[in-house]
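Protein sequences, first through last, are from chains A and B. To get my numbering, take the position in the first sequence, counting from 1, and add 157. To get my numbering, take the position in the second sequence, counting from 1, and add 23. Remarks on the structure that follows.
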Amino acid sequence: MSKSKPATQLKAETKTNTHKIIAKQDLASNIKQIQVLAPEIAQKAKAGQFVILRVHEDSERIPLTLVTWDNDGTITLIFQEVGYSTIELGKLTVGDEILNIAGPLGKPSEIKNYGKVAVVCGGVGTAAAYPIAKALKEAGSTVISIIGARNQQLLLLEEEMAKVSDEFFISTDDGSKGHKGFVSDVLKTLIDKNYGFATVYAIGPPIMMKVASDVTRPYKIKTIVSLNPIMVDGMGMCGACRVAVANQTKFACVDGPEFDAHQVDFKELMQRLKGYVPEEKSIIQHLNPLGGKCTCHQH
Amino acid sequence: MPPALMQQQQLQNRWQAIPMSSQKPAERINNFSEVAKGYTEEQALAEASRCLTCPNPQCVQGCPVNVDIPAFIKLITEHKYADAIRKVKEKNSLPAICGRVCPQEEQCQKYCVLGKKGDAVSIGRLERFVADLELTKPLTIPKPQTLNGKKVAVLGAGPAGLTVAADLAKRGYKVVVYEALHVAGGVLVYGIPEFRLPKKIVQAEVDYIKALGVELRTDSLIGRLFTIDELLEEGFDAVFIGTGAGLPKFLGVPGENLNGIYSANEFLIRVNLMKSYKFPQFKTPIRVGKKVAVIGGGNVALDSARSALRLGAESVCLVYRRSRGEMPARLEEILHAEEEGITCKFLASPTRFLGDEQGRVTGMEYIAMKLGEPDESGRRHPVPIKGSEVVMDVDTVIVAIGRTPNPIIQSTTQGLNTTKNGIIVVDTDTGQSSLDAVYAGGDVATGEATVISAMGSGKKAAHSIHNSLTR
Ligand SMILES: Cc1cc2nc3c(=O)[nH]c(=O)nc-3n(C[C@H](O)[C@H](O)[C@H](O)COP(=O)(O)OP(=O)(O)OC[C@H]3O[C@@H](n4cnc5c(N)ncnc54)[C@H](O)[C@@H]3O)c2cc1C
Ligand SMILES: Cc1cc2nc3c(=O)[nH]c(=O)nc-3n(C[C@H](O)[C@H](O)[C@H](O)COP(=O)(O)OP(=O)(O)OC[C@H]3O[C@@H](n4cnc5c(N)ncnc54)[C@H](O)[C@@H]3O)c2cc1C
Ligand code: SF4
Ligand code: SF4
Ligand code: FES
Numbered sequence: 158m159s160k161s162k163p164a165t166q167l168k169a170e171t172k173t174n175t176h177k178i179i180a181k182q183d184l185a186s187n188i189k190q191i192q193v194l195a196p197e198i199a200q201k202a203k204a205g206q207f208v209i210l211r212v213h214e215d216s217e218r219i220p221l222t223l224v225t226w227d228n229d230g231t232i233t234l235i236f237q238e239v240g241y242s243t244i245e246l247g248k249l250t251v252g253d254e255i256l257n258i259a260g261p262l263g264k265p266s267e268i269k270n271y272g273k274v275a276v277v278c279g280g281v282g283t284a285a286a287y288p289i290a291k292a293l294k295e296a297g298s299t300v301i302s303i304i305g306a307r308n309q310q311l312l313l314l315e316e317e318m319a320k321v322s323d324e325f326f327i328s329t330d331d332g333s334k335g336h337k338g339f340v341s342d343v344l345k346t347l348i349d350k351n352y353g354f355a356t357v358y359a360i361g362p363p364i365m366m367k368v369a370s371d372v373t374r375p376y377k378i379k380t381i382v383s384l385n386p387i388m389v390d391g392m393g394m395c396g397a398c399r400v401a402v403a404n405q406t407k408f409a410c411v412d413g414p415e416f417d418a419h420q421v422d423f424k425e426l427m428q429r430l431k432g433y434v435p436e437e438k439s440i441i442q443h444l445n446p447l448g449g450k451c452t453c454h455q456h
Numbered sequence: 024m025p026p027a028l029m030q031q032q033q034l035q036n037r038w039q040a041i042p043m044s045s046q047k048p049a050e051r052i053n054n055f056s057e058v059a060k061g062y063t064e065e066q067a068l069a070e071a072s073r074c075l076t077c078p079n080p081q082c083v084q085g086c087p088v089n090v091d092i093p094a095f096i097k098l099i100t101e102h103k104y105a106d107a108i109r110k111v112k113e114k115n116s117l118p119a120i121c122g123r124v125c126p127q128e129e130q131c132q133k134y135c136v137l138g139k140k141g142d143a144v145s146i147g148r149l150e151r152f153v154a155d156l157e158l159t160k161p162l163t164i165p166k167p168q169t170l171n172g173k174k175v176a177v178l179g180a181g182p183a184g185l186t187v188a189a190d191l192a193k194r195g196y197k198v199v200v201y202e203a204l205h206v207a208g209g210v211l212v213y214g215i216p217e218f219r220l221p222k223k224i225v226q227a228e229v230d231y232i233k234a235l236g237v238e239l240r241t242d243s244l245i246g247r248l249f250t251i252d253e254l255l256e257e258g259f260d261a262v263f264i265g266t267g268a269g270l271p272k273f274l275g276v277p278g279e280n281l282n283g284i285y286s287a288n289e290f291l292i293r294v295n296l297m298k299s300y301k302f303p304q305f306k307t308p309i310r311v312g313k314k315v316a317v318i319g320g321g322n323v324a325l326d327s328a329r330s331a332l333r334l335g336a337e338s339v340c341l342v343y344r345r346s347r348g349e350m351p352a353r354l355e356e357i358l359h360a361e362e363e364g365i366t367c368k369f370l371a372s373p374t375r376f377l378g379d380e381q382g383r384v385t386g387m388e389y390i391a392m393k394l395g396e397p398d399e400s401g402r403r404h405p406v407p408i409k410g411s412e413v414v415m416d417v418d419t420v421i422v423a424i425g426r427t428p429n430p431i432i433q434s435t436t437q438g439l440n441t442t443k444n445g446i447i448v449v450d451t452d453t454g455q456s457s458l459d460a461v462y463a464g465g466d467v468a469t470g471e472a473t474v475i476s477a478m479g480s481g482k483k484a485a486h487s488i489h490n491s492l493t494r
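Next up, the structure:
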């Protein structure tokens with residue numbers, strides 16, 4: 158029999174997986190891309206799924222979409238620094254480790270040959286839309302992408318999206334590149350030009366998804382959105398992520414994150430996303446007095 | 024005899040249990056430290072001396088794992104504490120936990136002969152005493168087992184899974200535990216609050232299991248990361264599913280998605296697992312207003328109510344659709360909650376929630392109930408009294424009306440039979456599911472139950488896995 162320290166002083170979990178950051182890139186102001194070692198997740202990931210990660214022992218669990226995953230055992234995540242946890246993640250550099258990453262989570266997208274599909278995305282939503290566009294294209298769909306942002310500097314993954322699209326459109330709120338206005342305007346124009354979309358994917362800030370789904374509703378085009386409610390466990394245990402779809406309560410982390418846009422109660426989603434604004438502000442002030450201005454709620 | 028003990032014995036007689044000291048209510052509602060402080064050695068000796076060491080002990084049949092109660096209590100009276108804990112551990116591998124959270128008055132203590140005339144022997148408190156004493160001593164790690172070449176995957180690191188892992192590791196199996204969350208322990212870490220079950224005690228049990236050679240893989244949600252079929256293909260000889268009943272139920276009444284309305288699971292996960300009670304040091308926020316209503320009458324409701332109080336609520340009201348006598352919570356916790364100033368509204372059930380412009384809850388309408396005929400469970404079923412709706416002001420609501428099994432494994436495993444509530448159907452003698460080499464136990468196979476019953480079914484499953492793999 159071997160003896161050791163008192164039981165209560167033994168070290169916590171020995172980690173079987175270390176999630177080292179092996180590359181990092183600034184994509185736009187406040188938008189960062191990291192490539193992280195996570196071999197099991199990389200092997201299993203499918204378009205439309207996400208991970209939940211925790212940076213340090215005292216950090217929140219935050220959900221981020223899987224953007225790419227590779228045979229070399231890495232995954233790529235793209236995130237916008239909107240509050241404490243994403244800023245904290247942004248402070249990590251190449252060689253640092255992320256304490257926990259659980260995934261892949263959520264149901265994968267239903268990928269098939271839809272005929273003609275529009276992939277409409279805005280802001281950091283483009284990161285979530287990219288793997289879906291790519292998979293749809295590989296499955297034989299004709300992919301028409303519309304990507305948008307507030308201005309040219311904030312446009313994400315332009316080249317990558319263009320590569321997996323049969324046709325590719327850009328829109329910026331200020332007109333600094335492409336159409337001046339919203340992605341939903343471009344979508345409407347294309348629909349009116351008889352593009353004949355069988356399906357529309359709309360991924361971005363809730364307000365953008367709502368407007369896009371309002372555009373397609375009168376045309377009865379099947380529209381899929383990827384919802385981003387507040388999550389804690391991401392495994393169907395807490396109900397924080399609940400959303401009303403066709404007047405039924407669904408858990409976005411296990412029943413989604415994708416849902417039929419025309420059935421989603423966006424007003425409730427937007428209200429629930431604001432549930433902790435005072436705490437989110439206080440933590441930024443409390444812990445990060447100089448650490449930068451909060452850029453959340455641009456909409 | 025030490026004077027303190029003499030004094031205590033003068034105050035006590037055979038029919039009265041030695042009380043356990045606890046933090047004063049006024050003090051404890053401001054912290055998350057453990058409420059019940061446990062027996063001192065003298066108190067434990069005095070309490071143990073009350074046991075009649077019955078030759079045909081009734082208490083043992085009330086314990087789901089049949090701890091040899093008179094034997095371990097006798098060893099306490101002989102000051103042989105190390106032998107006492109070994110005796111308990113023959114049947115119960117998590118005694119520091121069970122001593123704290125078993126509903127003893129419904130189990131072992133319910134059958135104690137002393138209970139007919141006075142107080143039953145405080146079996147749980149004595150179990151806790153010897154277990155805690157052992158935790159202060161260096162951990163003795165059993166000799167590494169020679170592996171028998173067989174591999175078993177355990178899904179979920181709650182009490183059921185941890186028990187299976189320990190039992191099989193001791194028999195020479197290579198065991199890998201896959202846990203979806205970032206820590207092991209199940210409800211013991213994410214549900215039951217620190218003031219009732221300090222997390223370092225759970226951690227000590229988990230460390231012990233790892234010392235047995237069990238490999239623990241956290242952040243691994245089975246069903247998404249791997250399916251059961253993949254695990255079996257990969258070379259596991261058997262799989263045990265102990266994934267619990269973690270899916271919260273909601274009331275299904277209008278307004279339930281307003282901000283400020285939590286499932287008990289969300290509330291407790293934030294507080295316990297994510298340590299929101301230490302916000303902003305720990306970064307996960309929690310919002311508790313002034314007037315809190317908690318819906319439900321079980322341990323989960325009480326844990327939520329008492330946590331809300333500790334997070335600064337001015338008033339916390341438990342709203343339960345039956346009456347006090349039907350509350351399923353442990354008696355000790357009900358008494359503790361009442362001392363802390365938690366009020367109860369019995370025979371009431373929410374009918375809708377009202378909110379303000381920002382979508383925050385401001386009120387709860389409820390309807391009065393009366394108790395009707397007994398249902399299948401023998402409990403009288405509550406029936407609403409028409410037209411009795413009243414609105415109560417609230418700014419936080421915690422819904423604690425039950426939980427059903429996590430559905431991810433069930434929905435990704437073909438041929439796994441479940442009931443319509445998602446409970447995995449198993450042979451109650453062996454724990455085997457409808458699939459060969461796949462076993463299940465704990466809340467996922469029974470519906471919400473207790474820590475000790477989850478352990479009991481884990482023991483059974485470990486035994487039959489061993490039998491079938493050595494056949
Ligand atoms: C399935 C899913 C996939 C996502 N994928 C991406 C992605 O690929 N890239 C990206 O930049 N963002 C993504 N998000 C959003 C991202 O999780 C939040 O921006 C992040 O959690 C904000 O945390 P914070 O502490 O930095 O900001 P905070 O200041 O805490 O919050 C800013 C706002 O973010 C939202 N938010 C806060 N906490 C959470 C939480 N735990 N879960 C979800 N939303 C929260 C709230 O609306 C809040 O007002 C995704 C969200 C979901 C649900
Ligand atoms: C707040 C609360 C208070 C309670 N109080 C008491 C009490 O005082 N006394 C008492 O006896 N009982 C109490 N109970 C009940 C008791 O905790 C449970 O009966 C017991 O924990 C069940 O054990 P289990 O091992 O079956 O499941 P759990 O403890 O639920 O553990 C299941 C584990 O499986 C993990 N998991 C789930 N899905 C997956 C997956 N797909 N892949 C991998 N891992 C997965 C979960 O994360 C979890 O860690 C309480 C329960 C709650 C919620
Ligand atoms: S395990 Fe629970 S039921 Fe059994 S003797 Fe101990 S306290 Fe009593
Ligand atoms: S029934 Fe009571 S008195 Fe008898 S052995 Fe059990 S605990 Fe002791
Ligand atoms: S995030 Fe907890 S249930 Fe979805």
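Every residue gets a Cβ at the ideal spot worked out from N, C-alpha and C, and that includes glycine.
Asked	Found
Note down the Cα distance separating residue 222 (chain A) from residue 59 (chain B), rounded to an integer number of angstroms.	44 Å
Could you give the DSSP three-state label for residue 446 (chain B): helix, strand or coil?	coil
Ignore the nearest five residues each way along the sequence and tell me which others in residue 468 (chain B)'s own chain have a CB closer than 6 Å to its CB.	447, 449
Measuring alpha carbon to alpha carbon, tell me which of A:256, A:206, A:241 ends up nearest residue 204 (chain B).	A:256
Does any CB atom of chain B fall closer than 9 Å to the CB of residue 396 (chain A)?	yes
Buried or exposed for residue 466 (chain B), please, with buried defined as at least 16 other CB atoms from any protein chain shown within 10 angstroms of its CB.	buried
Against chain B, which members of the segment 423-440 of chain A pass a CB distance test of less than 9 Å?	424, 425, 427, 428, 429, 431, 432, 433, 435, 436, 437, 439, 440
May I ask which residues mark the beginning and end of the alpha helix (DSSP H) holding residue 82 (chain B)?	81-85
Any Cβ of chain B within less than 9 Å of the Cβ of residue 262 (chain A)?	yes
Does DSSP put residue 297 (chain B) in a helix, a strand or coil?	coil
Is residue 85 (chain B) near ligand 3 - that is, is its Cβ less than 8 Å away from at least one heavy atom of it?	yes
Using a Cβ-Cβ distance under 9 Å, would residue 293 (chain B) count as near chain A?	yes
Going by CA-CA distance only, name the one from A:437, A:380, A:306, A:328 that's closest to residue 281 (chain A).	A:306
Indicate, with yes or no, if ligand 3 has a heavy atom lying under 8 Å from the CB of residue 455 (chain B).	no
Does any heavy atom of ligand 2 sit closer than 8 Å to the C-beta of residue 548 (chain B)?	The displayed coordinates of chain B run from 24 to 494. Any statement about residue 548 (chain B) would go beyond what the structure contains.
Can you tell me whether residue 331 (chain B) is buried or exposed? The criterion is at least 16 other CB atoms within 10 Å of its CB, across all chains shown.	buried
Count the other CB atoms, across all protein chains shown, that sit within 10 Å of the CB of residue 164 (chain A); report buried if there are 16 or more and exposed otherwise.	For residue 164 (chain A), the predicted structure reports a pLDDT of 36, less than 50, and the residue's modelled location is therefore unreliable. The matter cannot be settled from this model.
Answer yes or no: does any C-beta atom of chain B fall closer than 9 Å to that of residue 367 (chain A)?	no
Taking just the CA atoms, how far does residue 385 (chain A) sit from residue 206 (chain A)?	12 Å
Give the residues of chain B in contact with residue 411 (chain A), contact being defined as C-beta atoms less than 8 Å apart.	430, 431
Measure the CB-CB distance between residue 188 (chain A) and residue 236 (chain A) and report whether it falls below 9 Å.	yes
Can you give me the C-alpha to C-alpha distance between residue 492 (chain B) and residue 212 (chain A), rounded to a whole angstrom?	41 Å
Going by alpha carbons, who is nearest to residue 388 (chain A) out of B:308, B:188, B:166?	B:308
Between residue 423 (chain B) and residue 323 (chain B), is the Cβ-Cβ spacing less than 9 Å?	yes
For residue 371 (chain B), list the residues DSSP reports as bridge partners.	B:391
I'd like to know if the segment 209-217 of chain B and the segment 247-264 of chain B are in contact, where contact means that at least 3 CB-CB pairs between them fall below 8 Å.	no
Check for me: the beta strand (DSSP E) holding residue 407 (chain A) runs from which residue to which?	405-408
Determine the chain B residues that contact residue 242 (chain A) at a beta-carbon separation under 8 Å, and present them in chain order.	306
Consult DSSP for residue 278 (chain A) and reduce its assignment to one of helix, strand or coil.	strand
Consult DSSP for residue 226 (chain B) and reduce its assignment to one of helix, strand or coil.	helix
Could you check what DSSP says for residue 206 (chain B) in three-state terms: helix, strand or coil?	coil
Using a C-beta cutoff of 9 Å, does residue 313 (chain A) count as contacting chain B?	no
DSSP on residue 312 (chain A), reduced to helix/strand/coil?	coil
Between which two residues does the beta strand (DSSP E) harbouring residue 261 (chain A) extend?	257-262
Starting from residue 285 (chain B), follow the alpha helix (DSSP H) in both directions and report where the run begins and ends.	That residue, residue 285 (chain B), is in no alpha helix (DSSP H); its beta strand (DSSP E) goes 284-286.
Name the chain B residues whose beta carbon is nearer than 7 Å to that of residue 215 (chain A)?	304, 305, 306
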